[in-house]
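In the UniProt record's numbering, the protein residues as written are 1 to 173.
From the three backbone atoms N, C-alpha and C, an ideal C-beta is built for every residue, glycine too.
Okay, so here's the structure we're looking at.
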Amino acid sequence: MNTIEETIEVAVPVRTAYNQWTQFKSFPRFMSTVKRVEQIRPAVTEWVIAFGPVRRTFQAEIVRQRPDSSLAWRSLERRPSHRGEVSFHPTAPDRARVTLRLEVHRRGVAALLTGASFGVTRRVVRDELGRFKEFIEGLGQESGAWRGSIHNGHVRPTEPEPPRSRVPRWPVG
């Protein structure tokens, strides 16, 4: 198992950074290796990534998601498999620290052959996180949001709407 951890500070509030990160379909707009992301089910996504001549499709399950805090996932493929987590921490009212942790599990010959490429993977993760920073700071606001929670792959309702006023409507006219 190889672990990569990269952190970046973005000049937007935590809520903005988190909300944009939940917009998986927008990832190809700023991540050069992500070609397509489809939402299969609320907690399962399908990714198409490409780096040079290598193209790979895989599904990932979101196992934990807490608004404005973190999002954790695991790939559903056996080889190579990976787990990841992105966390969001406020550093000031208008700034956030985004930390991405990725664990890659390679077995057998793949582990021997890809050991040298681990440095490349680390560099790609760092570069893609930098592109997220440029993207969200350039927008200044999120392009959408998903505010629900996920625990052990089970989706929980989104944040409740504020209660409606109990004042009766006045007749018009």
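According to DSSP, residues forming a beta bridge with residue i
| i | result |
| --- | --- |
| Thr16 | Paired residues: none, contrary to the question. |
| Ala145 | Ala145 pairs with nothing; no bridge assigned. |
| Gly84 | Trp73, Leu102 |
| Ile4 | Leu102 |
| Arg78 | None; Arg78 has no bridge partner. |
| Ile150 | Gln65, Val155 |
Euclidean distance between Cα positions of residue i and residue j
| i | j | result |
| --- | --- | --- |
| Leu129 | Arg147 | 22 Å |
| Ala96 | Pro53 | 35 Å |
| Gly153 | Asp94 | 31 Å |
| Gln82 | Leu139 | The sequence given here has His at residue 82, not Gln. Those two C-alpha atoms are separated by around 30 Å. |
| Val109 | Gly119 | Note that Val109 scores a pLDDT of 46, beneath 50, so its modelled location is shaky and nothing firm can be said. |
| His151 | Arg64 | 5 Å |
| Ser142 | Val34 | Reading off the sequence, residue 142 comes out as Glu, not Ser. Going by the C-alpha atoms only, they are around 19 Å apart. |
| Val44 | Ala92 | 33 Å |
| Ser32 | Arg15 | 24 Å |
| Arg131 | Arg36 | 16 Å |
| Phe51 | Arg74 | 20 Å |
| Val10 | Leu76 | 30 Å |
| Ile49 | Ser26 | 14 Å |
Residue from the options whose Cα sits closest to the Cα of residue i
| i | options | result |
| --- | --- | --- |
| Arg79 | Asn19, Gln59, Arg15 | Gln59 |
| Phe24 | Val98, Ala17, Thr3, Gln39 | Gln39 |
Residue i, enclosing beta strand (DSSP E) - first and last residue
| i | result |
| --- | --- |
| Arg64 | 54-66 |
| Phe51 | 44-51 |
| Arg36 | 34-41 |
| Arg156 | 154-156 |
Neighbour flag for residue i against chain C, beta carbons, 7 Å
| i | result |
| --- | --- |
| Ala60 | The structure shown contains no chain C, having only a single protein chain. |
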